[in-house]
Amino acid sequence: MRRIQFFISGSALGLLLLAAAGNPGPALAQPAVTQQAAPVPAIPGFWDPRRRPERPDTSRITVIRFLTETDYPPFNYAGADGNPTGFNIDLARAICDELKISCTIQMRRFDTLVPALSENRGDALIASISVTPETRKVLDFTDPYYRVPARFVVRRDAAAADLRPELLEGKKVAVVAGSAHEAYLKALFTEVELKPYPTPDAAREALRRGDVDMHFGDAISLSFWINGTDSGGCCAFSGGPFFDSHFFGEGVGVAVRRGNDTLRQAFNWALFRLWEKGRFTDLWLRYFPVSPF
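In terms of the working numbering, the sequence shown is residues 2 to 294.
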């Protein structure tokens, strides 16, 4: 059981067409004006506006005790002051604000989270835990609020949109050894030359140095790296995202103890409301200015 990688739907845009009625008489020809539409960032959107969750009775819940992990930036980690910070932390606080229920957030090692929840030392886990058949055996989850696709990253002077397997023959691709990304390329990109590395940092550094042509990995952590100082501005995404739940999981949700339907449904209601109000989008763009999608 670990964190995740998976599918995302972007928000839809509507175009408003304006018609103007002129005075009687022949119409004057007007030069065509072409406007370049600004790129629309892709935001996770798992919520169907036609399917509005109902808020359960939460009158007996006086406080929600969230548990999270200590070191998984930008999602959850200890800030400079030692307090929890990150996307998941801000989302937990927004959920509590929407529910009008007080909450606490405690950081723990990842391997202690599920036991602590089982022993009633917390009420919910918000730590980017993958929704898998294995985790469903011990936890109940909200609807997913993000998924992590896989993507290729290349040096900026080599970006290419077309990444069909047959066009990548002989390319050296850095992957993390034993990862789902390595397994995916072995299954579907059989012509590439895989270069396994022990850690994501090592794989990214190999690309930055030019030891490999590409790196294939977790798009969200890669977007964080691309936009940060460690990359030195070397690299960029190439081609589109890859979604395959068999390799990259079903998504990430807030986890609760099995059978705690009241809290799970309350979280679903709050997540929908945050998305509906645009607060989820604002939060996402704050942490991921470089779209992983």
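We treat Cβ as the ideally placed atom computed from N, Cα and C, and that holds for glycine. Owing to the predicted nature of the structure, the values given are computational and were not obtained by experimental measurement.
- prompt: According to DSSP, is THR86 helix, strand or coil?
  reply: What you label residue 86 is simply residue 85 of the sequence shown in a count that begins at 1. Note: THR86 maps to strand in three-state DSSP.
field: Sequence-distant residues of its chain with Cβ nearer than 6 Å to ALA256 (five each side left out)
entry: Indexing the sequence shown from 1 puts residue 256 at position 255. Closer than 6 Å at Cβ, skipping near neighbours: LEU126, ILE130, LEU140, PHE142.
message: One question on the structure: do PHE184 and TYR198 come within less than 8 Å of each other, judged by their Cβ atoms?
response: Here residue 184 is taken as the residue at index 183 of the sequence shown, counted from 1. Here residue 198 is taken as the residue at index 197 of the sequence shown, counted from 1. Per the sequence presented here, residue 184 reads as Ala, with Phe not at that position. No, the pair does not count as a contact, with Cβ atoms beyond the cut-off.
- request: Pick out whichever of ILE90, TYR146, ARG258 has its Cα sitting closest to the Cα of PHE47.
  value: Start at 1 with the first residue of the sequence shown, and residue 47 comes out as number 46. Ranking ILE90, TYR146, ARG258 by Cα distance to PHE47 puts TYR146 first.
- request: From the DSSP output, read off the bridge partner residues of ASN77.
  value: To locate residue 77, count along the sequence shown from 1; it is residue 76. TYR73.
message: If distances are taken between C-alpha atoms only, which option among ALA93, GLY260, THR69, LEU100 comes closest to SER59?
response: Sequence index remark: in the sequence shown, residue 59 carries index 58 (1-based). The residue asked about is misnamed: residue 59 is Thr in this sequence, not Ser. Nearest C-alpha to THR59: LEU100.
task: State the DSSP-derived secondary structure class of ASP141, mapped to helix, strand or coil.
output: Position 140 of the sequence shown, counted from the first residue, corresponds to residue 141. In this structure, ASP141 counts as strand in the three-state DSSP scheme.
query: Pairing CB atoms from the segment 162-172 with CB atoms from the segment 230-245, are three or more of them under 8 Å?
result: yes
- request: Count the CB pairs spanning the segment 108-116 and the segment 215-234 that are closer than 8 Å, and state whether there are at least three.
  value: no
- prompt: Between GLY252 and VAL177, is the Cβ-Cβ spacing less than 8 Å?
  reply: Position 251 of the sequence shown, counting from 1, holds the residue named residue 252. Position 176 of the sequence shown, counting from 1, holds the residue named residue 177. Contact: no.
field: Top-ranked residue by Cα proximity to PRO150, from TRP285, ARG274, PHE248
entry: The residue you call residue 150 lines up with position 149 of the sequence shown. Nearest option by C-alpha distance: PHE248.
field: Reference VAL213; option with closest CA among THR136, ARG258, ALA188, LEU195
entry: Translated into the one-based positions of the sequence shown, residue 213 becomes position 212. The candidate whose alpha carbon is nearest that of VAL213 is LEU195.
query: Under a three-way DSSP split, which group does LYS196 fall into?
result: Start at 1 with the first residue of the sequence shown, and residue 196 comes out as number 195. Strand.
field: CA-to-CA distance, ILE102 to LEU186, given in whole angstroms
entry: Numbered from its first residue, the sequence shown carries residue 186 at position 185. Numbered from its first residue, the sequence shown carries residue 102 at position 101. Roughly 45 Å separates the two Cα atoms.
Where ILE106 falls: helix, strand or coil (DSSP): Position 105 of the sequence shown, counting from 1, holds the residue named residue 106. Note: ILE106 maps to strand in three-state DSSP.
task: Go ahead and label SER232 buried or exposed: buried means 16 or more other beta carbons lie within 10 angstroms of its beta carbon, across all protein chains shown.
output: Here residue 232 corresponds to residue number 231 of the sequence shown, with the count starting at 1. When all chains shown are included, SER232 counts as buried.
query: Which of helix, strand or coil does DSSP assign to ARG152?
result: As a first step, residue 152 is located in the sequence shown; it is residue number 151 there, counting from the start. Three-state result, ARG152: strand.
query: Under three-state DSSP, which class holds ASP158?
result: Position 157 of the sequence shown, counted from the first residue, corresponds to residue 158. The answer is helix: DSSP assigns ASP158 an H, G or I state.
task: Just mark LEU92 as buried or exposed, buried being the case when its beta carbon has 16 or more other beta carbons within 10 Å.
output: Within the sequence shown, the letter at position 91 stands for residue 92. Counting Cβ neighbours within 10 Å, LEU92 comes out buried, since at least 16 surround it.
- request: Return the CA-CA distance between VAL154 and THR105, expressed in angstroms with no decimal places.
  value: Residue mapping note: residue 154 aligns to position 153 of the sequence shown, counting from 1. Residue mapping note: residue 105 aligns to position 104 of the sequence shown, counting from 1. Each residue's alpha carbon lies about 38 Å from the other.
field: Outcome for ALA271 when other beta-carbon atoms lying within 10 angstroms are tallied against a minimum of 16
entry: The count along the sequence shown starts at 1 and reaches residue 271 at position 270. Counting Cβ neighbours within 10 Å, ALA271 comes out buried, since at least 16 surround it.
field: Rounded straight-line distance, which links the Cα of TRP276 to that of LEU14
entry: Taking the first residue of the sequence shown as 1, we reach residue 14 at position 13. Taking the first residue of the sequence shown as 1, we reach residue 276 at position 275. Note on LEU14: pLDDT 32, under 50, position unreliable in the model; no value is reported.
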